[in-house]
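Trainee: Protein chains in written order, with the numbering used here: chain C, 6 to 257; chain X, 6 to 257; chain U, 6 to 257; chain B, 6 to 257. Backbone N, C-alpha and C define an ideal beta-carbon position, used for all residues, glycine too. Take a look at this one; I'll ask things after.
Protein chains: 4
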Amino acid sequence: MTNTQLTLIQIDNYGPWTVTPNPRREVDLQTLQSRLYADVSQLVGNREGYAFFGRFDNMVTVTNGLDRSDLALIQEAIGNRYPVTASLSTAVDPSPVAALGRASERLQDAGSAQDDTRRERLLGETLPDDERTDGDVQIAHFDVDDATGKYTDQLNEFDTFIRIEQGYAALMRHMREAHDSLSFFVGGDNVIAVCSALSAADYHDAIKHVADAVDVELKVGVGRSRVAQAAGMAAKHALEACRENGSAVEFG
Amino acid sequence: MTNTQLTLIQIDNYGPWTVTPNPRREVDLQTLQSRLYADVSQLVGNREGYAFFGRFDNMVTVTNGLDRSDLALIQEAIGNRYPVTASLSTAVDPSPVAALGRASERLQDAGSAQDDTRRERLLGETLPDDERTDGDVQIAHFDVDDATGKYTDQLNEFDTFIRIEQGYAALMRHMREAHDSLSFFVGGDNVIAVCSALSAADYHDAIKHVADAVDVELKVGVGRSRVAQAAGMAAKHALEACRENGSAVEFG
Amino acid sequence: MTNTQLTLIQIDNYGPWTVTPNPRREVDLQTLQSRLYADVSQLVGNREGYAFFGRFDNMVTVTNGLDRSDLALIQEAIGNRYPVTASLSTAVDPSPVAALGRASERLQDAGSAQDDTRRERLLGETLPDDERTDGDVQIAHFDVDDATGKYTDQLNEFDTFIRIEQGYAALMRHMREAHDSLSFFVGGDNVIAVCSALSAADYHDAIKHVADAVDVELKVGVGRSRVAQAAGMAAKHALEACRENGSAVEFG
Amino acid sequence: MTNTQLTLIQIDNYGPWTVTPNPRREVDLQTLQSRLYADVSQLVGNREGYAFFGRFDNMVTVTNGLDRSDLALIQEAIGNRYPVTASLSTAVDPSPVAALGRASERLQDAGSAQDDTRRERLLGETLPDDERTDGDVQIAHFDVDDATGKYTDQLNEFDTFIRIEQGYAALMRHMREAHDSLSFFVGGDNVIAVCSALSAADYHDAIKHVADAVDVELKVGVGRSRVAQAAGMAAKHALEACRENGSAVEFG
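Structure follows, in structure tokens:
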């Protein structure tokens with residue numbers, strides 16, 4: 006059984022801010038969003054977690070090993086560095102989807118994402134130290150088989166991008182619906198999934214589903230550990246093993 | 006007629022770099038990618054262009070108004086600030102897809118994205134000053150109608166994200182296939198498209214297509230100018246007019 | 006004759022902000038300050054100017070070639086990306102000290118640096134295009150002769166730092182008092198000065214003054230151009246010529 | 006007795022890199038340096054240490070609480086994000102100057118700062134966990150009494166800067182020579198010192214020395230703890246107490 010601690014980081018009242026008093030320059034919004042994500046990635050990553058940019062104004066992070074004071078510090082750091090603030094909501098569950106569901110609900114109960122008076126809320130529960138185990142987090146790192154040879158070096162960049170996006174859209178939906186898992190595009194031809202305790206057969210099934218649905222061939226390395234970073238690094242090494250062995254699924 | 010100048014910015018040999026000599030930490034890759042994009046966004050944006058993160062290792066930028074020396078400076082700035090280098094390939098065409106197609110081909114002809122000896126190539130042609138007109142660039146700024154009320158404040162964040170992603174996947178494919186236009190997710194519930202000279206009817210058609218295909222309601226503001234930034238800002242103001250008027254399509 | 010356009014960028018009400026409601030973490034302040042400077046450096050540098058960090062909450066920038074709308078955009082970009090705002094005050098004068106003096110006075114007349122109601126003021130005048138000449142900006146790039154061999158590789162790092170600082174303190178005062186010029190430490194063993202039209206004899210005098218006062222040996226390359234960036238690059242090449250020729254002063 | 010763990014972070018072969026094959030643009034160097042410092046500040050700060058920019062190519066950091074693997078990760082993160090690499094050398098001593106002295110020597114013994122073959126060295130010893138105490142780190146936070154009223158709002162910005170710099174130059178030398186302590190300008194009118202176990206009388210002496218030497222009035226808050234961040238935050242609160250009480254020296 007996994008036991009994933011997920012924290013939803015939501016920028017407070019961001020939509021209205023981007024157009025008040027007038028629409029802000031896109032270059033400034035893009036700069037703000039990508040830097041804020043880079044900071045969250047480091048603040049969480051320095052504590053052995055993983056952060057995904059998602060929609061940028063709503064970021065999903067895997068925070069096993071972080072306690073309430075760590076999360077408070079991340080919230081404070083955002084407020085000290087940016088013109089916007091953020092609310093954080095955390096939940097723990099064997100199913101990543103269920104954890105994110107509870108975290109989302111708690112935040113929604115506290116007020117709308119566009120409620121100017123709901124600011125810097127720090128909600129939810131973290132996993133007590135004595136309940137943590139070495140198998141709490143399962144991370145899967147997918148990439149597209151020979152994406153450079155088949156796509157990047159052959160198609161125009163947008164058509165390559167469409168192929169990668171169709172593969173991602175099919176995978177994210179299947180992994181969520183069939184396997185309670187959350188999959189995030191992380192650049193290039195890479196997708197990282199936060200999973201419940203899936204078997205090799207489950208991963209073969211997911212790869213087959215995507216190949217059938219949109220004709221994109223994936224491979225995947227899987228890792229498991231007490232925290233996201235170690236699980237993710239094991240997954241990367243397992244993916245290298247796929248490359249060497251010509252296999253589609255490897256566990257690290 | 007539009008006349009869009011597009012520059013493809015491709016990190017040289019990035020895939021192999023990320024796993025040499027061993028897979029690098031994901032937090033460092035995410036930090037590098039999002040910062041590199043923030044820098045490109047500023048380097049292009051300071052010259053009135055637009056930059057999209059796309060796959061991060063391949064970024065599409067609208068560079069009307071930038072000449073070869075501007076592009077060389079961007080390339081030099083990347084090499085001076087990051088552990089990786091980038092190649093840039095530029096083409097101009099009434100059709101954004103055709104422009105990106107020629108830019109992609111030129112870069113592919115110069116070598117593979119994973120060819121260690123193909124580095125810092127600066128390829129292609131820019132639009133001569135005396136051929137530039139005030140209608141060269143058409144930008145459309147889409148968002149999801151009442152995304153906060155319907156999704157963000159109702160669903161778990163991943164299910165919201167799935168809805169936004171399905172809407173984006175349907176839109177990007179339709180706009181490319183039916184309208185030669187390039188659409189990019191830019192965070193939240195926003196998509197910005199670089200378009201050929203489309204009519205209001207074309208945009209109504211695109212919105213209807215997405216509603217029928219995946220049941221996501223979009224609205225769009227459209228702007229046109231000599232450069233991407235002014236066209237994009239006009240599009241944002243037009244989108245505000247949609248909000249005020251309850252309309253689905255407005256031209257700025 | 007030089008004609009330097011200087012812009013003072015002052016963070017509004019920064020001191021009180023750093024301790025309200027409680028003192029903010031030093032790591033967040035340092036991160037904010039150094040990133041804000043990096044952004045100003047790029048926003049000005051992308052328009053061929055130079056920016057110096059100075060005291061970080063007050064930055065001096067050389068902005069020949071930037072007009073009022075460029076300065077307004079820099080101000081807007083800061084407000085869109087940071088939790089603080091900035092006021093900008095600009096003046097032009099053959100003497101850099103006199104230009105900064107007028108820019109400082111105008112800003113002081115508009116209110117205190119710790120006046121919460123004085124925010125985002127954009128003050129002063131820029132140099133009209135038809136009055137600009139190819140010799141408006143003189144930049145001098147100093148470094149310490151063989152700093153690595155004499156200090157970095159020999160002393161403990163703090164004692165090296167003390168030597169560099171004493172050299173800088175002596176140079177900054179002398180250049181200001183004797184030559185109306187503004188000198189800024191820019192890292193390592195480098196100082197960049199924004200100068201009025203100084204002769205080779207003036208630079209030999211400054212170098213001798215520092216050697217006599219604090220026993221630190223400097224050399225300097227000097228460049229002159231229409232904008233700071235070209236003048237500064239010429240100064241760097243001239244400093245390389247010093248290295249090759251064993252000379253103390255070279256003009257580019 | 007204090008027991009300060011200091012880590013010298015030196016960019017490898019930086020001087021030659023800045024001019025190879027030609028001098029690099031100053032804007033790129035300034036951007037690189039200030040961002041690298043911001044990252045080091047966070048990487049160390051996220052582990053409750055303090056980082057000072059110093060000369061930027063040589064940064065002094067207080068790393069009590071970080072072990073060898075933490076330092077290795079910081080080194081790896083720099084190499085993964087920047088076009089340069091860094092060597093780190095650590096030593097522990099009741100006297101901060103002595104600690105930095107040993108750290109500097111070890112690095113010098115390993116090769117010159119401009120030796121292209123000396124790269125990413127990780128040297129020295131850290132303080133074993135069972136020898137750590139709650140009083141290991143003493144931090145003093147100085148500022149200039151009423152700097153805004155006396156200088157910023159009165160003088161031209163460069164003359165204010167000269168006053169602050171003269172105050173800093175006098176303080177840094179005195180604290181090093183009389184008290185084995187390392188003082189760093191951190192922006193505005195603030196100086197933070199890493200101290201051996203100094204008494205209130207020692208701080209009164211330092212303040213008097215600076216007032217006599219260069220006529221700049223300082224006040225100081227002092228904190229002490231197991232790690233730099235807690236000591237530094239206590240020092241900030243003590244400095245606020247000075248403000249409220251009109252006193253020159255307060256211990257937190």
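Give the interface partners of PRO19(X) over in chain C, defined as CB-CB distance under 8 angstroms, in chain order.
Mentor: Looking at the sequence provided, one finds Tyr at residue 19(X) rather than Pro. Residues of chain C passing the Cβ test: GLY193.
Trainee: Please report the straight-line C-alpha distance between LEU13(B) and PHE190(U), rounded to a whole angstrom.
Mentor: If you draw a straight line from the Cα of LEU13(B) to the Cα of PHE190(U), it comes to about 20 angstroms.
Trainee: How long is the line joining the alpha carbons of ALA211(X) and GLY20(C), rounded to whole angstroms?
Mentor: 24 angstroms
Trainee: Output the boundary residues of the alpha helix (DSSP H) element that contains LEU176(U).
Mentor: 162-184
Trainee: Between PRO101(X) and the ligand NAD, is there a pair consisting of the residue's CB and a ligand heavy atom that are separated by less than 8 angstroms?
Mentor: Among the ligands in the structure shown, none appear at all, so the ligand NAD cannot be discussed.
Trainee: Can you find a C-beta in chain U that's less than 9 angstroms from the C-beta of ILE169(B)?
Mentor: yes
Trainee: If we cut at 9 angstroms on Cβ distances, does GLU110(X) have a partner in chain B?
Mentor: no
Trainee: Buried or exposed, going by whether 16 or more other CB atoms sit within 10 Å of the CB of ASN27(C)?
Mentor: exposed
Trainee: For VAL142(B), report the span of its beta strand (DSSP E) as first-last.
Mentor: 142-149
Trainee: Taking Cβ-Cβ distances shorter than 9 angstroms, what residues in chain U pair up with GLN47(X)?
Mentor: ASP44, GLN47, LEU48, ASN51 and ALA82
Trainee: Using a Cβ cut-off of 9 angstroms, which residues of the region 6-36 of chain B contact any Cβ in chain X, in chain order?
Mentor: The residues in question are ARG29, ARG30, VAL32, ASP33, LEU34 and THR36.
Trainee: Does DSSP classify TYR208(X) as helix, strand or coil?
Mentor: Helix at TYR208(X).
Trainee: Note down the Cα distance separating VAL32(C) from PHE58(X), rounded to an integer number of angstroms.
Mentor: 12 angstroms
Trainee: Figure out for me which residue from THR131(X), ALA253(X) and ASN8(X) has the closest Cα to the Cα of ASP151(X).
Mentor: ALA253(X)
Trainee: So is TYR173(X) in contact with chain B if we call contact Cβ pairs under 9 angstroms?
Mentor: no
Trainee: Does any residue of chain U bring its CB to less than 9 angstroms from the CB of ARG86(C)?
Mentor: yes
Trainee: Are there 16 or more other CB atoms within 10 angstroms of the CB of GLN143(C), so buried, or fewer, so exposed?
Mentor: Around the beta carbon of GLN143(C), 16 or more other beta carbons sit within 10 angstroms, so the residue counts as buried.
Trainee: Using a threshold of 9 angstroms, state whether the C-beta atoms of ARG29(B) and ASN51(X) are closer than that.
Mentor: no
Trainee: So which residues on chain B does ASP158(U) lean against when the C-beta distance must stay under 7 angstroms?
Mentor: GLN113, SER117 and ALA118
Trainee: Mind listing, in chain order, the continuous alpha helix (DSSP H) runs of no fewer than 4 residues lying wholly within the region 21-62 of chain U?
Mentor: Taking only runs of at least 4 residues, the alpha helix (DSSP H) segments lying wholly in the region 21-62 of chain U are 31-50.
Trainee: Between the region 97-110 of chain X and the region 217-231 of chain C, are three or more C-beta pairs nearer than 8 angstroms?
Mentor: no
Trainee: How would you list, in chain order, the residues of chain D whose beta-carbon sits under 7 angstroms from the beta-carbon of GLY237(B)?
Mentor: In summary, chain D is missing from the structure at hand, where the protein chains are C, X, U and B.
Trainee: If contacts are defined as beta-carbon pairs under 8 angstroms, then ALA260(B) and TYR55(B) qualify, I think. What distance do you get, rounded to the angstrom?
Mentor: Residue 260(B) lies beyond the residue range present for chain B, which begins at 6 and ends at 257; the question has no answer from this structure.
Trainee: What do you reckon, are the CB atoms on TYR173(C) and GLU182(X) nearer than 9 angstroms?
Mentor: no
Trainee: Pull the bridge partners of MET64(B) from the DSSP assignment, please.
Mentor: Here MET64(B) is bridged, per DSSP, to ILE14(B).
Trainee: Do you know offhand how far PRO88(X)'s Cα is from ASP114(C)'s?
Mentor: 45 angstroms
Trainee: What's the C-alpha gap between THR122(U) and SER92(U)?
Mentor: Computed Cα separation, rounded: 12 angstroms.
Trainee: Assuming ASN69(C) contacts PHE147(C) (C-beta within less than 8 angstroms), just tell me the rounded distance between them.
Mentor: 21 angstroms between Cβ atoms; not a contact.
Trainee: At which residues does the beta strand (DSSP E) containing GLU255(X) begin and terminate?
Mentor: Under the DSSP assignment, GLU255(X) falls in the beta strand (DSSP E) whose first and last residues are 254-256.
Trainee: Would a check of beta-carbon distances place ASN69(C) closer than 9 angstroms to chain X?
Mentor: no
Trainee: Which one of GLN80(U), LEU76(U) and GLY193(U) has the shortest CA to CA distance from ALA96(U)?
Mentor: LEU76(U)
Trainee: So, with DSSP's three-state summary, where would you put SER92(X)?
Mentor: It is a strand residue.
Trainee: Thinking C-beta only, is GLY228(B) closer than 9 angstroms to PHE256(B)?
Mentor: yes
Trainee: For PRO133(X), count neighbouring Cβ atoms within 10 angstroms of its own Cβ and tell me buried if that reaches 16, exposed if not.
Mentor: exposed
Trainee: So is SER74(B) buried or exposed if we call it buried at 16+ other beta carbons inside 10 Å?
Mentor: exposed
Trainee: How many Å lie between HIS184(X) and ALA218(C) at the Cα?
Mentor: 25 angstroms
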